[in-house]
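Report on one structure; see the data block that follows.
In this note's numbering, the protein residues as written are 49 to 115.
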(Lines of atoms letter the chains of each structure in order from A and count residues from 1; the text may use other names and numbers.)
(Lines give C-alpha, C1' and ligand atoms only; values in the text may rest on other atoms or scores of the structure.)
Protein backbone atom coordinates (compact mmCIF):
# COMPACT_ATOMS: atom_id res chain seq x y z
CA UNK A 1 0.00 0.00 0.00
CA UNK A 2 1.31 3.43 -0.90
CA UNK A 3 1.80 6.05 1.76
CA UNK A 4 -0.65 8.32 -0.08
CA UNK A 5 -3.36 5.65 0.18
CA UNK A 6 -2.72 5.30 3.90
CA UNK A 7 -2.92 9.06 4.38
CA UNK A 8 -6.19 9.23 2.43
CA UNK A 9 -7.65 6.46 4.59
CA UNK A 10 -6.46 8.18 7.76
CA UNK A 11 -7.97 11.51 6.64
CA UNK A 12 -11.30 9.81 5.95
CA UNK A 13 -11.23 8.31 9.42
CA UNK A 14 -10.45 11.71 10.91
CA UNK A 15 -13.38 13.19 9.01
CA UNK A 16 -15.59 10.51 10.57
CA UNK A 17 -14.69 12.01 13.95
CA UNK A 18 -16.91 14.99 13.17
CA UNK A 19 -19.91 12.71 12.69
CA UNK A 20 -19.20 10.81 15.89
CA UNK A 21 -18.78 13.98 17.96
CA UNK A 22 -21.98 15.43 16.47
CA UNK A 23 -23.87 12.24 17.33
CA UNK A 24 -22.57 12.34 20.90
CA UNK A 25 -23.57 15.98 21.22
CA UNK A 26 -27.06 15.24 19.93
CA UNK A 27 -27.49 12.24 22.22
CA UNK A 28 -25.83 13.54 25.38
CA UNK A 29 -25.58 17.32 25.03
CA UNK A 30 -27.85 19.73 26.85
CA UNK A 31 -28.67 21.76 23.75
CA UNK A 32 -31.74 19.74 22.78
CA UNK A 33 -33.95 20.30 25.81
CA UNK A 34 -32.81 17.33 27.85
CA UNK A 35 -34.17 17.16 31.35
CA UNK A 36 -31.99 17.35 34.45
CA UNK A 37 -32.16 13.58 34.93
CA UNK A 38 -30.49 12.86 31.60
CA UNK A 39 -27.36 10.81 31.91
CA UNK A 40 -24.22 12.24 30.36
CA UNK A 41 -21.08 10.67 29.01
CA UNK A 42 -18.50 9.12 31.25
CA UNK A 43 -15.36 11.16 31.77
CA UNK A 44 -13.41 8.59 29.78
CA UNK A 45 -15.66 8.91 26.74
CA UNK A 46 -15.75 12.70 26.97
CA UNK A 47 -11.93 12.77 26.98
CA UNK A 48 -11.88 10.49 23.94
CA UNK A 49 -14.18 12.85 22.03
CA UNK A 50 -12.19 15.95 23.02
CA UNK A 51 -8.87 14.33 22.17
CA UNK A 52 -10.06 13.11 18.77
CA UNK A 53 -11.63 16.46 17.90
CA UNK A 54 -8.49 18.30 19.04
CA UNK A 55 -6.29 16.13 16.85
CA UNK A 56 -8.47 16.86 13.83
CA UNK A 57 -8.61 20.60 14.58
CA UNK A 58 -4.83 20.88 14.94
CA UNK A 59 -4.31 19.01 11.68
CA UNK A 60 -6.74 21.30 9.84
CA UNK A 61 -5.17 24.47 11.26
CA UNK A 62 -1.66 23.32 10.37
CA UNK A 63 -2.77 22.35 6.87
CA UNK A 64 -4.38 25.75 6.36
CA UNK A 65 -1.27 27.52 7.67
CA UNK A 66 1.00 25.65 5.24
CA UNK A 67 -1.04 26.71 2.21
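C-beta: ideal position from N, C-alpha, C; glycine also.
* Asked: By Cβ distance, which residues of its chain are closer than 6 Å to residue 104, with the 5 residues on each side in sequence left out?
  -> Numbered from its first residue, the chain shown carries residue 104 at position 56. Counting only Cβ-Cβ distances below 6 Å, and skipping sequence neighbours, we find 62 and 65.
* Which of helix, strand or coil does DSSP assign to residue 78? -> For the purposes of this step, residue 78 is taken as residue 30 along the chain shown, with counting starting at 1. Coil at residue 78, not helix or strand.
* Looking at the structure shown, is residue 56 part of a helix, part of a strand, or coil, going by DSSP? -> Residue mapping note: residue 56 aligns to position 8 of the chain shown, counting from 1. Helix.
* Whose C-alpha, out of 89, 70, 76 and 90, is nearest the C-alpha of residue 101? -> Numbered from its first residue, the chain shown carries residue 101 at position 53. If we check each option's Cα against that of residue 101, 70 comes out closest.
* Close beta carbons around residue 86, own chain, < 8 Å, minus the five adjacent residues each side -> As a first step, residue 86 must be located in the chain shown, where it is residue number 38. Around residue 86: 76 and 78.
* Asked: How is the alpha helix (DSSP H) around residue 95 delimited, first residue to last?
  -> Taking the chain shown and counting its residues from 1, one reaches residue 95 at position 47. Residues 91-114.
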